[in-house]
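Asker: Note that the working numbering gives residue 769 to position 397 of the sequence shown, counting from 1, and the numbers run on in steps of one.
All C-beta atoms, glycine included, are put in the ideal place defined by N, C-alpha and C.
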Amino acid sequence: MYVRASIYPMVWEPTLYSLLLFSAAGVSLAVATQIWSHRDERGAMLFIGLLLAAAAWSATYGIQLGLSTAAGQRLWQRLGVAIGGSIPTLWLLFAFIYSGRTGWLTRRVAGLLAVEPVAFALLTLTNPVHDLVWRDLKLVETTVGTTLEPTFGPSMYAHVAVAYVSILVGLAVLFYVFLRNPTVYRKQTALLILGATVPLSANMAFFLGLSWGPFPALDPTPFSFVLTGALVGLAFFRFDLLARAPVARQHVLNDMGDGLLVLDTDGEVADANAVSRQLLDVDSLVGRHATTLFDDRLSNTDSLDALDGRTLAATVEGTEQTYDVRCAELTDVAGEEIGHVVSFRNVTDRSRYEQRLEVTQRVLRHNLRNNVAVIRAHAEHIAHNGHHPEAQRIVDTTEDLINLSEKSRLITRIEGDDEIGTVPVDVRERLQEHCEQFAGTHPDISLECAIQGEPVAPLQDPALFDIPVENIIENAVVHNDTTDPQVRISARRDDSTVRVRVEDNGPEIPDVELDVLNTGSESALQHGSSIGLWLAYWSVRTAGGSIAFETCEGGNTVTLEFPAAERPA
């Protein structure tokens, strides 16, 4: 039975322990506020609810300890315990969602789990009617002031049993996550386990009646939430709790079509998805060192760096597949190394396309060159013996085809070689040669060449300068059908680029030509007719430069930009 309420008015005077409890509530509330910005993450709202419940329990207990009357303390005692009774269920639900083990967690199951904390809260708030939660709550004097010494009823023992089972099951789930996941998840999980173990231990000690010095009736559970909040805050801010949870890892590993290995700091496999297991033909990868998994398929794999950039062929799901191997360092938010990730990107379609393209180009180049050589030989014979002007035109056309084939082959070779070096190209010298060449072959064209300074462009091959310049000048000269055809070629250096401009007063370049170059592709309904413009476009892009076209009624301006050599110190 309750002791009779004091006849003195209720006065609240905060004690040192009240301030400690308010601090614990503040820590939990602060962490919950920060997690609110990540509320869209799986399990975030449950965790926020758990922290708010802990904050409310600590705050109400702090208010209770500041009251000197039994009636006042009993009121806040009931309110705090009613709120705190939801913590074990929230913890269990969060543990399952955090770990990704939610297959059984239907709405019906979640609803059934919520029944117990709701029923306990109602029994707690109505305890004066039935005494099922506390048989007695007597006011005792301690060194911290007056506090309630409880005698528990059957409902409290039943709730404590359910609560301990819920917390222990949640801890078991997290411990499994700790054992089965990489380092970053272990640190997160360890902090969560420790954060739950502290209040659980404190609550067990309280229910077992262990002595707490001069104030045995004081419940240490709400005090322990200050440490729980600090540990959870560390997991959130230091190790990206929620944003990098194991459930996200599982979805990424299982749903991605590429292979993935997660390595620890020693280079041993900490996690792997099904694709990587099939690719490497190993049932169990965890614990194996990465450099021992590739046998003779990848040579010189004595270090992780040697894996990066390799290509691996393997049979996956009964089909021969090709994968690019990439190895990257994993770091935490502080920039400290926590392992590596080895990814296997499926490039089968690209590899097959490149192989078909290479074979096609090789066959076409070989057959084209041979067949054109035969045509040219016959045309030269006809031109020499029969003096047919058409035969000479065939000879000139075949020569153009051979030159075109060689230019295309050169661009393809340079574009596919990442290790090719550069040579300095004297822009003044090469432009003057082109101007003299076209002035000699087209004397009816007014050709002007203006070059400022001595610009130099470092290119993989001088042809990457000659091909676009020659084709653009040729396009300006050949298609200029005005009565007074004029072409002006200028060059100068602008900061880190060499800019070459070819201006003419001929007809505008058709929009269809420019649209195709701007999109970078052709279609059956839209295609360009000038291979010269395509060669110019590819050459400049391969050289690391750019090309721009301006058209108007008075002619065209084509601007070519190439990288410039560094200025001498």
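With H, G and I counted as helix, E and B as strand and the rest as coil, what does DSSP make of residue 694?
Answerer: Note: residue 694 maps to strand in three-state DSSP.
Asker: In the DSSP output, what is residue 919 paired with across the bridge?
Answerer: DSSP, once it has assigned bridges, lists 932 as partnering residue 919.
Asker: Sorted by chain position, which residues of the same chain lie with C-beta nearer than 7 Å to residue 923's C-beta, five sequence neighbours on each side aside?
Answerer: Cβ neighbours of residue 923 beyond the five flanking positions: 880, 881.
Asker: Is the beta carbon of residue 713 sitting closer than 8 Å to the one on residue 634?
Answerer: Yes.
Asker: Could you tell me the alpha carbon to alpha carbon distance between residue 911 and residue 814, rounded to whole angstroms?
Answerer: Those two C-alpha atoms are separated by around 25 Å.
Asker: Report yes or no: do three or more beta-carbon pairs, one from the segment 487 to 500 and one from the segment 564 to 573, lie closer than 8 Å?
Answerer: Touching, no.
Asker: What does DSSP give as the partner residues of residue 700 in its beta bridges?
Answerer: Bridge partners of residue 700: 713.
Asker: From residue 456 to residue 412, what does the alpha carbon distance come to, in whole angstroms?
Answerer: Rounded to whole angstroms, residue 456 to residue 412 spans 25 Å at the Cα level.
Asker: Mind checking whether residue 452 and residue 432 have CB atoms under 8 Å apart?
Answerer: The answer is yes: Cβ separation under 8 Å.
Asker: In whole angstroms, what separates the C-alpha of residue 825 from that of residue 854?
Answerer: Cα-Cα distance, rounded: 32 Å.
Asker: Could you tell me how far apart the beta carbons of residue 419 and residue 466 are, in whole angstroms, since I believe they sit closer than 8 Å?
Answerer: That pair is a contact at about 5 Å.
Asker: Quick check: what's the CA-CA separation for residue 702 versus residue 654?
Answerer: Between residue 702 and residue 654, the C-alpha separation is close to 24 Å.
Asker: Applying the criterion that 16 or more other CB atoms from any shown protein chain within 10 Å of the CB defines a buried residue, is residue 765 buried or exposed?
Answerer: Flag for residue 765 reads exposed.
Asker: For the candidate residues 630, 463, 767, whose alpha-carbon lies nearest to that of residue 645?
Answerer: Ranking the options by Cα distance to residue 645, first place goes to 630.
Asker: How do the segment 677 to 688 and the segment 589 to 596 stand: do at least 3 beta-carbon pairs fall below 8 Å, yes or no?
Answerer: The segment 677 to 688 vs the segment 589 to 596: no contact.
Asker: Can you find the residues in the same chain that come closer than 8 Å, C-beta to C-beta, to residue 392, ignoring five residues on each side of it along the sequence?
Answerer: If we look at residue 392 and ignore the five residues flanking it on each side, its Cβ neighbours are 434, 595, 598.
Asker: Restricting to Cα atoms, I'd like to know which of 651, 447, 913, 407 is closest to residue 607.
Answerer: The residue with the shortest Cα to Cα distance from residue 607 is 407.
Asker: Can you give me the C-alpha to C-alpha distance between residue 848 and residue 793, rounded to a whole angstrom?
Answerer: Distance between the alpha carbons of residue 848 and residue 793 is about 32 Å.
Asker: Please classify residue 927: does DSSP put it in a helix, a strand, or coil?
Answerer: Residue state, collapsed to three classes: strand.
Asker: Using only CA atoms, which one of 548, 601, 409 lies nearest to residue 428?
Answerer: With distances taken between Cα atoms, residue 428 lies closest to 601.
Asker: Tell me, to the nearest whole angstrom, how far the beta carbon of residue 716 is from that of residue 647; I am working on the premise that it is less than 8 Å.
Answerer: With 8 Å as the limit, residue 716 and residue 647 qualify as a contact, their Cβ atoms being about 7 Å apart.
Asker: Alpha carbon to alpha carbon, how far is residue 559 from residue 699?
Answerer: Looking at the two C-alpha atoms, the distance is approximately 23 Å.
Asker: Give me the Cβ distance between residue 864 and residue 871, rounded to the nearest whole Å; I'm assuming they're in contact under 8 Å.
Answerer: At roughly 6 Å, the Cβ-Cβ gap stays under 8 Å, so residue 864 and residue 871 are in contact.
Asker: Take residue 463 and list the residues in its own chain whose beta-carbon comes closer than 7 Å to its own, dropping the five residues that flank it on each side.
Answerer: Contacts found: 422, 538, 539, 542, 568.
Asker: Taking the alpha carbon of residue 875 as the point to measure from, which residue in 603, 837, 920 has its own alpha carbon closest?
Answerer: Nearest option by C-alpha distance: 920.
Asker: Taking DSSP as the reference, what is the three-state secondary structure of residue 683?
Answerer: Looking at residue 683 - three-state DSSP - the assignment turns out to be strand.
Asker: Do residue 877 and residue 926 have their beta-carbon atoms positioned less than 8 Å apart in this structure?
Answerer: A contact, by the Cβ cut-off of 8 Å.
Asker: For my contact list, residue 836 and residue 914 are in at a C-beta cut-off of 8 Å; report their separation, rounded to the angstrom.
Answerer: Rounded, the Cβ-Cβ distance is 6 Å, consistent with contact.
Asker: Quick one: grab the DSSP three-state call for residue 560.
Answerer: Looking at residue 560 - three-state DSSP - the assignment turns out to be helix.
Asker: Note down, one range per segment and in chain order, each beta strand (DSSP E) of at least 3 residues found wholly within the segment 780 to 853.
Answerer: Qualifying beta strand (DSSP E) stretches, in chain order: 795 to 798, 818 to 823, 828 to 831.
Asker: Who are the near neighbours of residue 508 in its chain, counting only those whose CB is closer than 6 Å to its CB and skipping five residues on each side?
Answerer: Within the same chain, residue 508 has close Cβ partners 523.
Asker: Any idea which residues DSSP pairs residue 863 with across the strands?
Answerer: Answer by DSSP bridge pairing, in chain order: 823, 872.
Asker: Counting along the chain, where does the alpha helix (DSSP H) carrying residue 487 start and finish?
Answerer: Here the alpha helix (DSSP H) through residue 487 covers 479 to 497.
Asker: Could you name the residues of the same chain whose beta carbon sits closer than 8 Å to that of residue 548, not counting the 5 residues immediately before and after it, in chain order?
Answerer: Cβ within range, chain order: 471.
Asker: Can you tell me whether residue 867 is buried or exposed? The criterion is at least 16 other CB atoms within 10 Å of its CB, across all chains shown.
Answerer: Exposed, since its Cβ has fewer than 16 Cβ neighbours within 10 Å.
Asker: Contact defined as beta carbons within less than 8 Å: I believe residue 747 pairs with residue 770. What is the distance between those atoms, to the nearest angstrom?
Answerer: That belief holds up - the Cβ atoms of residue 747 and residue 770 are roughly 5 Å apart, short of 8 Å.
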